[in-house]
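Peer 1: Here the protein sequences come in this chain order: A and B. Be aware that the first sequence starts at 114, since it is given in this note's numbering, and climbs by one per residue. Be aware that the second sequence starts at 5, since it is given in this note's numbering, and climbs by one per residue. Cβ atoms here follow ideal geometry from the backbone N, Cα and C, with glycine treated the same way. Sharing a structure below in structure tokens format, with a few things to ask.
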Amino acid sequence: MEIPRHWRLRKQRYSLVGEVCPHCQVRIFPPRDVCPSCGKEARELYTFSGRGEVYSYTTIYEAPSGFEQQVPYTVALIRLEEGPMVTAQLTDVSPEEVQIGMPVEMVTRKLRTDGDERGLILYGYKFRPRLQQA
Amino acid sequence: MTLPEPAASTLLKPIQSVGIVGYGAYVPRYRIPAKEIARVWSGKTAALPIKEKAVPGLDEDVVTMSIEAARNALRRAGIDPSELRAVWVGSESHPYAVKPTSTLVAEAIGAVPNTQAADWEFACKAGTEALVAAMGLVGSGMGRYAMAIGMDTAQGRPGDALEYTAGAGGAAYIIGPAEESLAIIQASYSYVTDTPDFWRRPEARYPEHGMRFTGEPAYFKHITEAARRLMEATGTTAKDYRWAVFHQPNTKFPQRVAAQLGFSMEQIEPGLLVPVIGNTYAGAALIGLTAVLDIARPGDRILVVSFGSGAGSDAFDILVTEALLERRDRAPKTRDYIARRIEIDYATYVRYRGKLQMK
Chain A
114 MEIPRHWRLR
124 KQRYSLVGEV
134 CPHCQVRIFP
144 PRDVCPSCGK
154 EARELYTFSG
164 RGEVYSYTTI
174 YEAPSGFEQQ
184 VPYTVALIRL
194 EEGPMVTAQL
204 TDVSPEEVQI
214 GMPVEMVTRK
224 LRTDGDERGL
234 ILYGYKFRPR
244 LQQA
Chain B
5 MTLPEPAAST
15 LLKPIQSVGI
25 VGYGAYVPRY
35 RIPAKEIARV
45 WSGKTAALPI
55 KEKAVPGLDE
65 DVVTMSIEAA
75 RNALRRAGID
85 PSELRAVWVG
95 SESHPYAVKP
105 TSTLVAEAIG
115 AVPNTQAADW
125 EFACKAGTEA
135 LVAAMGLVGS
145 GMGRYAMAIG
155 MDTAQGRPGD
165 ALEYTAGAGG
175 AAYIIGPAEE
185 SLAIIQASYS
195 YVTDTPDFWR
205 RPEARYPEHG
215 MRFTGEPAYF
225 KHITEAARRL
235 MEATGTTAKD
245 YRWAVFHQPN
255 TKFPQRVAAQ
265 LGFSMEQIEP
275 GLLVPVIGNT
285 YAGAALIGLT
295 AVLDIARPGD
305 RILVVSFGSG
315 AGSDAFDILV
325 TEALLERRDR
335 APKTRDYIAR
345 RIEIDYATYV
355 RYRGKLQMK
């Protein structure tokens with residue numbers, strides 16, 4: 114049970130809320146209150162657009178604990194439109210469809226449950242191929 | 005039996021005129037054809053209730069689906085989520101028995117903390133129930149905007165008649181002042197009685213239903229009464245409406261109820277989604293309306309009538325405004341979601357829906 118940690122991370126997990134540096138304008142994710150670019154304090158919240166592209170990826174067949182029932186699934190490094198790179202699971206896509214450079218968008222999905230079926234359901238960001246709009 | 009009061013006084017209509025400021029739909033991408041379910045359980049391929057139904061993925065539930073529909077509604081409305089004074093989610097498949105779906109959705113879309121949040125329950129009409137309440141909140145001036153969502157990942161016992169149709173999907177609506185609306189809700193009317201056509205006890209995994217009892221005394225009675233009384237009170241007939249959406253548990257029921265009320269098949273066609281996504285329960289009437297709004301023109305009048313077992317119907321008289329044209333392309337259309345279709349077999353469906361006993 115790690116309820117306090119899940120609760121603390123909810124804004125970044127549910128909706129990609131990071132920070133923007135008021136000094137050099139760099140967009141920061143995950144939020145860390147100190148700008149990784151200029152080293153000054155950065156506490157201003159910034160909600161990312163959720164758009165990005167696949168920088169690299171791998172498909173998981175032997176999953177860590179808590180993810181066993183989801184295999185096979187693909188985990189990717191996503192270069193967000195605003196700059197930062199995030200690691201996330203891809204969804205609504207089969208492993209053979211994934212390509213480097215593929216445009217993706219953030220969706221909020223179930224990540225896993227905390228412990229067994231009696232535990233909390235944990236939600237967070239994943240990415241899927243951008244929906245084609247007619 | 006008819007009620008003694010004059011029909012006009014029974015309308016649910018706020019003092020200040022309200023309407024739909026934004027709307028958004030969601031349908032998961034997996035589909036299981038009815039003939040695949042029939043292959044496993046009955047061997048009959050004739051007279052199936054629908055073509056196929058939408059199935060949520062392993063990482064989807066009413067929370068995640070509501071979040072996506074809500075984000076689409078916010079895109080169309082173009083308002084700041086912190087201006088919402090209510091986030092209400094109607095469903096009969098809330099992921100938790102105790103812990104609101106609505107606070108999670110409100111947190112994810114950035115509507116917290118200055119908002120009402122609640123989960124609504126009334127079988128298939130929980131979504132329109134939230135919509136009527138949102139009209140009241142905005143129409144009384146308590147808040148400028150309120151969000152009402154109807155969303156379900158419906159349950160059907162393996163092999164039961166409901167398994168063919170119990171689908172997944174729904175829609176989110178932002179209610180606001182009429183002058184900002186893409187469609188004005190001119191009036192609503194609700195008709196309820198205690199009718200035992202369908203239920204699920206707290207410890208039960210799958211619902212029970214009264215077989216043929218679900219038709220005449222339940223679905224048809226409540227929808228026709230709600231529609232007729234709304235039309236009578238507003239002085240309208242079927243011809244005054246360009247489009248109509250009725251709750252859709254299968255393909256046949258909404259077609260028959262439309263005919264009984266004098267509506268043509270052409271009037272219900274754009275909003276009749278059940279053949280391709282299944283019965284989305286609390287989402288059904290509401291997602292049907294999104295598909296109509298996706299193609300409607302300013303000046304079109306729309307009749308929407310939901311139905312929830314237990315039982316009741318909410319009816320709405322809706323008028324499309326010019327604002328629809330510039331807002332509807334800001335988010336994916338309902339048909340875009342329906343088009344991203346991945347067919348699955350019964351075994352995959354059983355896995356995705358957690359129907360296997362693992363211990």
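Under a three-way DSSP split, which group does A:Met-215 fall into?
Peer 2: Residue state, collapsed to three classes: coil.
Peer 1: Which residues, in chain order, does the stretch 101-118 of chain B contribute to contact with chain A at a C-beta distance below 9 angstroms?
Peer 2: Of all residues in the stretch 101-118 of chain B, Lys-103, Leu-108, Glu-111, Ala-112, Ile-113 and Gly-114 have a Cβ within less than 9 angstroms of some Cβ in chain A.
Peer 1: Determine, using beta carbons only, whether A:Ile-191 and A:Val-167 come nearer to each other than 9 angstroms.
Peer 2: A contact, by the Cβ cut-off of 9 angstroms.
Peer 1: Does A:Thr-204 pass the burial test, meaning 16 or more other C-beta atoms within 10 Å, or should it be called exposed?
Peer 2: Classification of A:Thr-204: buried, given that the 10 Å Cβ count is 16 or more.
Peer 1: Using a Cβ cut-off of 9 angstroms (strictly closer), state whether B:Arg-344 contacts chain A.
Peer 2: Output row for B:Arg-344: interface = yes.
Peer 1: So A:Val-199 contacts chain B; which residues on that side make the cut at Cβ distance below 8 angstroms?
Peer 2: Correct list: empty, because the minimum Cβ distance to chain B is about 17 angstroms.
Peer 1: Listed from N- to C-terminal order along the chain, which residues in the stretch 51-78 of chain B have their beta-carbon within a distance smaller than 7 angstroms of any beta-carbon of chain A?
Peer 2: Under the 7 angstroms Cβ criterion, the stretch 51-78 of chain B contributes Gly-61, Leu-62, Asp-63, Glu-64, Asp-65, Val-67, Thr-68, Ile-71 and Glu-72.
Peer 1: Just by C-beta distance, which residues in the stretch 296-324 of chain B are closer than 8 angstroms to chain A?
Peer 2: Within the stretch 296-324 of chain B, no residue has a Cβ that lies closer than 8 angstroms to any Cβ of chain A.
Peer 1: According to the Cβ coordinates, are A:Pro-208 and A:Arg-243 closer than 9 angstroms?
Peer 2: Contact: no.
Peer 1: Using only CA atoms, which one of B:Ser-144, B:Val-31, B:Phe-202 and B:Arg-204 lies nearest to B:Ser-21?
Peer 2: Nearest of B:Ser-144, B:Val-31, B:Phe-202 and B:Arg-204 to B:Ser-21, Cα basis: B:Ser-144.
Peer 1: Taking the beta carbon of B:Thr-49 as the centre, do at least 16 other beta carbons fall within 10 Å, making it buried, or is it exposed?
Peer 2: Classification of B:Thr-49: exposed, given that the 10 Å Cβ count is below 16.
Peer 1: What first and last residue would you give for the alpha helix (DSSP H) that runs through B:Ala-288?
Peer 2: From DSSP, the alpha helix (DSSP H) with B:Ala-288 extends over 288-297.
Peer 1: Buried or exposed: where does B:Ile-41 fall if 16 or more other Cβ atoms within 10 Å of its Cβ makes it buried?
Peer 2: It is buried - the Cβ of B:Ile-41 has at least 16 other Cβ atoms within 10 Å.
Peer 1: Determine the direct distance from the alpha carbon of A:Arg-145 to that of B:Pro-279, and round the result to whole angstroms.
Peer 2: The alpha-carbon atoms of B:Pro-279 and A:Arg-145 are separated by roughly 49 angstroms.
Peer 1: Sorted by chain position, which residues of the same chain lie with C-beta nearer than 6 angstroms to B:Glu-347's C-beta, five sequence neighbours on each side aside?
Peer 2: For B:Glu-347, where only same-chain residues beyond five positions count, the Cβ hits under 6 angstroms are Arg-35.
Peer 1: Counting only Cβ pairs nearer than 7 angstroms, list the residues of chain B close to A:Thr-221.
Peer 2: What A:Thr-221 touches in chain B: Thr-68, Ile-71 and Ala-112.
Peer 1: Checking 9 angstroms against the spacing of the C-beta atoms, do A:Thr-221 and B:Thr-119 come in under that value?
Peer 2: Not closer than 9 angstroms, so no.
Peer 1: Would you tell me roughly how many angstroms separate the C-alpha atoms of B:Ser-192 and B:Leu-15, rounded to the nearest one?
Peer 2: Cα-Cα distance, rounded: 6 angstroms.
Peer 1: Taking only the alpha-carbon atoms, compute the straight-line gap between B:Pro-8 and B:Arg-232 and give it to the nearest angstrom.
Peer 2: Residue confidence is low: B:Pro-8 scores 49 on pLDDT, short of 50, so the model does not pin down where it sits. No coordinate-derived value is stated.
Peer 1: Could you compute how far the alpha carbon of B:Met-269 sits from the alpha carbon of B:Ala-263?
Peer 2: Roughly 8 angstroms between the two C-alpha positions.
Peer 1: Among the candidates B:Ala-289, B:Glu-220, B:Val-116 and B:Ala-242, whose CA atom is the shortest distance from the CA of B:Gly-174?
Peer 2: With distances taken between Cα atoms, B:Gly-174 lies closest to B:Ala-289.
Peer 1: Under a three-way DSSP split, which group does B:Phe-257 fall into?
Peer 2: Helix at B:Phe-257.
Peer 1: Leaving out the 5 sequence neighbours to the left and right, which residues in its chain are closer than 6 angstroms to B:Tyr-168 when beta-carbon positions are compared?
Peer 2: The residues are Ala-38, Ile-41 and Pro-53.
Peer 1: Would you kindly report the start and end of the unbroken alpha helix (DSSP H) that includes B:Val-278?
Peer 2: Run containing B:Val-278: 278-281, per the alpha helix (DSSP H) assignment.
Peer 1: Is it buried or exposed for B:Trp-92, if we count other Cβ within 10 angstroms and need 16 for buried?
Peer 2: Its Cβ being crowded by 16 or more others within 10 Å, B:Trp-92 is buried.
Peer 1: At 8 angstroms on the CB atoms, spell out the chain B contacts of A:Ile-234, in chain order.
Peer 2: Within chain B, the residues near A:Ile-234 are Asp-65, Val-67, Pro-99 and Tyr-100.
Peer 1: Can you find a CB in chain A that lies within less than 9 angstroms of the CB of B:Arg-33?
Peer 2: Closer than 9 angstroms: yes.
Peer 1: Under 8 angstroms by Cβ, that's how I've got B:Ile-272 and B:Ile-342 pegged, so tell me the actual separation to the nearest angstrom.
Peer 2: Between B:Ile-342 and B:Ile-272 the Cβ distance is about 17 angstroms, and since that is not below 8 angstroms, they are no contact.
Peer 1: Got a sec? Which residues, its chain only, sit under 7 angstroms from A:Tyr-238 by beta carbon, not counting five neighbours each side?
Peer 2: The residues are Arg-126, Leu-129, Ala-201, Met-219 and Thr-221.
Peer 1: Could you have a look at B:Val-109 and say whether DSSP puts it in helix, strand or coil?
Peer 2: Three-state DSSP puts B:Val-109 in a helix.
Peer 1: Can you tell me which of A:Ser-169, A:Glu-230, A:Tyr-174 and A:Val-199 puts its alpha carbon nearest to the alpha carbon of A:Phe-161?
Peer 2: Among A:Ser-169, A:Glu-230, A:Tyr-174 and A:Val-199, the Cα nearest to that of A:Phe-161 belongs to A:Val-199.
Peer 1: Please name the residues in the stretch 174-189 of chain A whose beta-carbon is closer than 8 angstroms to at least one beta-carbon of chain B, in chain order.
Peer 2: Result list: Gln-182 and Gln-183.
Peer 1: Just mark A:Glu-115 as buried or exposed, buried being the case when its beta carbon has 16 or more other beta carbons within 10 Å.
Peer 2: Exposed, by the Cβ-count rule.
Peer 1: Can you tell me the Cα-Cα spacing of A:Tyr-186 and B:Asp-340, whole angstroms?
Peer 2: When rounded, the distance between both Cα atoms is 24 angstroms.
Peer 1: Closer than 9 angstroms, CB to CB, is B:Pro-336 near chain A or not?
Peer 2: Answer yes: the Cβ-Cβ gap between B:Pro-336 and chain A drops below 9 angstroms somewhere.
Peer 1: Report the three-state DSSP secondary structure of B:Ala-158 (helix, strand or coil).
Peer 2: Reduced to three states, the DSSP call for B:Ala-158 is coil.
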